[in-house]
Amino acid sequence: MADHMIPRERCEFSAIVDRPPLKLPGYARLVLWSIVNYEVWDIARPMARQVIPAPTGQALLPDVPNWSWHEYGMRVGAWRFFDLFARLKIRPTLATNARVCEDYPRVAEQAKRDGWEFMGHAYDQMPIHKQDDQAGMINKSMDILERFTGKRPVGWLGPGLTQTLDTPELLVAAGVKYIGDWVYDDEPTVIRTANGSLVTLPYTVELNDIPMMIVQHHESDYLLKRAIDQFDRLYAEGKERAKIMALAIHPYISGQPHRIKYLETIYDYVNRFEGVLHWNGAEILDWYNTTRDRKAVAA
Amino acid sequence: MNAPDGRMLPTDRLAYSAIDARPALKLPDGARMVVWVIVNVEEWDATAPMPRTVLTPPAGGSPSPDVPNWAWHEYGNRVGFWRMLKVFDEFAIPAVLAINGSAIAAYRPIVDAAVARKWEFIGHGFTQRNMQKVPDERADIRKTAEVILQATGVRPRGWLGPGLTETWETPDLLMEEGYDYVCDWVLDDQPVWLKTRTRPIANVPYTQECNDVAMMLIQHHKASEYRDRALDQFEQIYADAKDSARVMALVLHPYIMGAPHRLKYFRETIETIRKKRDVLFWTGAQILDWFVKVGPKKP
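Chains as they are written, first to last, in this note's numbering: chain R, -13 to 285; chain Y, 758 to 1056.
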């Protein structure tokens, strides 16, 4: 591993105030980037997250209660997401385990039919550090999604955003153009890899139902409150420089009956404002690349 | 008086003292209390375990490298700090920058912004790790002072251990290396003197209560709790300070309170406190110099 770049070698520190502002088309101030995460939790392994630990706190296999908690998201919760985005005519990014196409073809077909952007998200849900053949897993995942949708994905999100030091090289080699794992800015950035450059898009661990609901244990309505606070601030800053606000959701969390109304209300709120674009990751990437090209020509 | 192995226990360094039994401390011009605001700027080594995490990997564990949590912290220095800076400028209050020695070179624009505003720099470990795991504590303390002196032209007078950690020897080493005060002893509303094996060192009241790490990352409160608790804390200390001055600390980290959805609660805290005419916003060094002048003699 010693010969792989650490993050600081891939991209120098840069204070946002020292960069020329990015501009969105028209008078737009902010892009709302919605990311839905669909996953496969293999019943033979420990569950990715737990809503209820076993009595005495021991990790038990199989972990049926937590497997079914997640399964509810695919059977029921996901359909609340499909309804919401169809009604609003928003085509979000779908960060999806490739195995969703095999285990849940009904769900994957619906996302394809609704025109969602498919983003690579590993084969199934386990930390990338535990993969014996990471390059093989990445290629296999990208190939499955390409076969399923007819188009090779341009985006990638690690499971739980996990990366090893050589992951960026492997992703570029597999045809990935942007990643969501680097939540270190409000703007896209470019990082170096041995196989060419890679764009980071500002995904989020702040406006994300896993840290908020499963790690920090906030009440359901806090997703709406934090989203409004986040939006108000970024929208104000968007007057001077383009801002991207990511919102990351999972069907087994935000697709629950007691949470879905707070998610729906976020969209009601932001859609009252002028200059808000609903773009997916591929659309943000296209805009960013065009902006960079124009700058390169001007220079 | 010392333990048999020669080390000084906390009670060897200072005797118990009830705050109501001490002679009154008086601030200049009839001021009632002092508020000091400490901003913590850290560099997290991408090759080591992260000091804090917002997101655990699927199925748990602590994989290395931990890119998502590294990036989450880096956001604070690229974006969050610059958002916080506007609050200090708007209300014309000074901050104390508790900074890792290694962060001086890593985040030069932050150092420049703090120097331009005449903020006080205090040592905060050369790197962000437990002082008990630092191989040569004296060298760490000395090197931190040297890089701060080189970057700012002023030798740091104060010290805050990373995560407030100390060894049995820390106060002795700090005094011997030329520091005048420490912040790790959160045991009073007024400065106190700690005996060391040479001359006594002062402790200026820092806080674990109005501290965004404790509140947001450990206790998982919602963002507005920072403001609500700070104002409750302020009201009580203001009342307590009727006859003898007290000190209130407010602690923040760019990667926590600098998030878009949290910043306004820090701003509202300062906006409210700033309206009180008999409350001083001082640096740690100003508090120390006042205490040396009006407080009890060094033991």
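Glycine residues also receive a C-beta, built at the ideal position from the N, C-alpha and C atoms.
Provide the residue span of the beta strand (DSSP E) that contains residue i, from first to last.
i: residue 966/Y; result: Here residue 966/Y belongs to no beta strand (DSSP E), and DSSP marks it neither H nor E.
i: residue 244/R; result: Taken as a continuous stretch (DSSP letters only), residue 244/R belongs to no beta strand (DSSP E), being part of the alpha helix (DSSP H) at 243 to 256.
i: residue 797/Y; result: 790 to 798
i: residue 20/R; result: 16 to 24
i: residue 175/R; result: 175 to 177
i: residue 186/R; result: 184 to 186
i: residue 949/Y; result: 949 to 951
i: residue 230/R; result: 229 to 235
Do you know offhand how far residue i's Cα is from residue j's?
i: residue 123/R; j: residue 976/Y; result: 37 Å
i: residue 200/R; j: residue 999/Y; result: 44 Å
i: residue 191/R; j: residue 1041/Y; result: 34 Å
i: residue 919/Y; j: residue 886/Y; result: 6 Å
i: residue -12/R; j: residue 154/R; result: Per-residue confidence for residue -12/R stands at a pLDDT of 47, beneath the threshold of 50, marking its modelled position as unreliable; the derived number appears in the next sentence. Each residue's Cα considered, the two are about 15 Å apart.
i: residue 713/Y; j: residue 230/R; result: Here chain Y covers residues 758 to 1056 and nothing more, so residue 713/Y does not appear.
i: residue 937/Y; j: residue 835/Y; result: 32 Å
i: residue 819/Y; j: residue 955/Y; result: 42 Å
i: residue 894/Y; j: residue 994/Y; result: 35 Å
i: residue 170/R; j: residue 828/Y; result: 5 Å
i: residue 906/Y; j: residue 912/Y; result: 5 Å
i: residue 758/Y; j: residue 1056/Y; result: In this prediction, residue 758/Y has a pLDDT of 49, which is less than 50 and means its spatial position is unreliable; nothing more can be read from the coordinates.
i: residue 830/Y; j: residue 891/Y; result: 22 Å
i: residue 51/R; j: residue 79/R; result: 29 Å
i: residue 769/Y; j: residue 952/Y; result: 8 Å
i: residue 1001/Y; j: residue 966/Y; result: 22 Å
i: residue 774/Y; j: residue 934/Y; result: 28 Å
i: residue 917/Y; j: residue 1014/Y; result: 19 Å
i: residue 268/R; j: residue 75/R; result: 17 Å
i: residue 97/R; j: residue 923/Y; result: 54 Å
i: residue 158/R; j: residue -4/R; result: 14 Å
i: residue 63/R; j: residue 802/Y; result: 39 Å
i: residue 807/Y; j: residue 781/Y; result: 44 Å
i: residue 3/R; j: residue 28/R; result: 45 Å
i: residue 795/Y; j: residue 197/R; result: 26 Å
i: residue 249/R; j: residue 1007/Y; result: 33 Å
i: residue 772/Y; j: residue 896/Y; result: 30 Å
i: residue 904/Y; j: residue 876/Y; result: 16 Å
i: residue 984/Y; j: residue 857/Y; result: 27 Å
i: residue 259/R; j: residue 16/R; result: 10 Å
So the alpha helix (DSSP H) residue i belongs to, where does it begin and stop?
i: residue 931/Y; result: 927 to 933
i: residue 153/R; result: 153 to 159
i: residue 991/Y; result: 981 to 997
i: residue 240/R; result: Taken as a continuous stretch (DSSP letters only), residue 240/R belongs to no alpha helix (DSSP H), as it is neither H nor E.
i: residue 977/Y; result: Looking at the DSSP string, residue 977/Y is not in any alpha helix (DSSP H), and its letter there is neither H nor E.
i: residue 199/R; result: Note, residue 199/R: premise wrong, no alpha helix (DSSP H); not H, not E.
i: residue 124/R; result: 120 to 135
i: residue 909/Y; result: 894 to 909
i: residue 214/R; result: 208 to 223
i: residue 769/Y; result: 767 to 770
i: residue -7/R; result: -7 to -4
Just checking my contact of residue i with residue j at CB under 8 Å: how many whole Å lie between their CB atoms?
i: residue 111/R; j: residue 815/Y; result: 5 Å
i: residue 145/R; j: residue 108/R; result: 5 Å
i: residue 1004/Y; j: residue 790/Y; result: 7 Å
i: residue 316/R; j: residue 18/R; result: Outside the displayed span of chain R (-13 to 285) sits residue 316/R, for which this structure offers no information.
i: residue 1010/Y; j: residue 969/Y; result: 6 Å
i: residue 776/Y; j: residue 945/Y; result: 7 Å
i: residue 824/Y; j: residue 167/R; result: 6 Å
i: residue 1044/Y; j: residue 792/Y; result: In fact, because the Cβ distance is near 10 Å, the residues do not count as touching under 8 Å.
i: residue 213/R; j: residue 252/R; result: 4 Å
i: residue 236/R; j: residue 59/R; result: 6 Å
i: residue 1016/Y; j: residue 837/Y; result: 6 Å
i: residue 718/Y; j: residue 901/Y; result: With chain Y running from 758 to 1056 in the structure shown, residue 718/Y is simply not present.
i: residue 809/Y; j: residue 974/Y; result: 5 Å
- Going along the chain, which residues of the segment 208 to 219 of chain R sit with their C-beta nearer than 9 Å to a C-beta in chain Y? 208, 211, 212, 213, 214, 215, 216, 217, 218 and 219
- Query: Mind pulling the alpha helix (DSSP H) runs of 4 or more residues that sit fully within the segment 816 to 878 of chain Y?
  - Reply: 824 to 832, 838 to 848, 858 to 863 and 865 to 873
- Item | Minimum length 3: unbroken beta strand (DSSP E) runs contained in the segment 55 to 117 of chain R | 79 to 82 and 103 to 106
- Task: Give, in chain order, every residue of the segment 155 to 180 of chain R whose Cβ lies closer than 8 Å to some Cβ of chain Y.
- Result: 167, 168, 169, 170, 171 and 172
- Task: Pull out every residue of the segment 121 to 153 of chain R whose Cβ sits closer than 9 Å to any Cβ of chain Y, in chain order.
- Result: 144, 145, 146, 147, 148, 149, 150, 151 and 153
- Task: Below 9 Å between beta carbons is the criterion; list the residues of the segment 1014 to 1047 of chain Y that meet it against any residue of chain R, in chain order.
- Result: 1016, 1017, 1018, 1019, 1020, 1021 and 1022
- Task: Quick one: which unbroken beta strand (DSSP E) runs of 3-plus residues sit fully inside the segment 997 to 1043 of chain Y? Chain order, please.
- Result: 1003 to 1009 and 1036 to 1038
- Query: Which residues, in chain order, does the segment 855 to 872 of chain Y contribute to contact with chain R at a C-beta distance below 9 Å?
  - Reply: 863, 864, 865, 866, 867 and 870
- Message: By the 7 Å beta-carbon criterion, what residues does the segment 972 to 1005 of chain Y contribute toward chain R?
- Response: 977, 979 and 980
- Message: Short of 7 Å Cβ to Cβ, which residues in the segment 914 to 942 of chain Y face chain R?
- Response: none
- Relative to chain Y, which residues along the segment 101 to 119 of chain R have a C-beta separation below 7 Å, given in chain order? 111, 112, 113 and 115
- Task: Scan the segment 5 to 19 of chain R for residues whose Cβ lies nearer than 9 Å to a Cβ of chain Y and list them as they occur along the chain.
- Result: none
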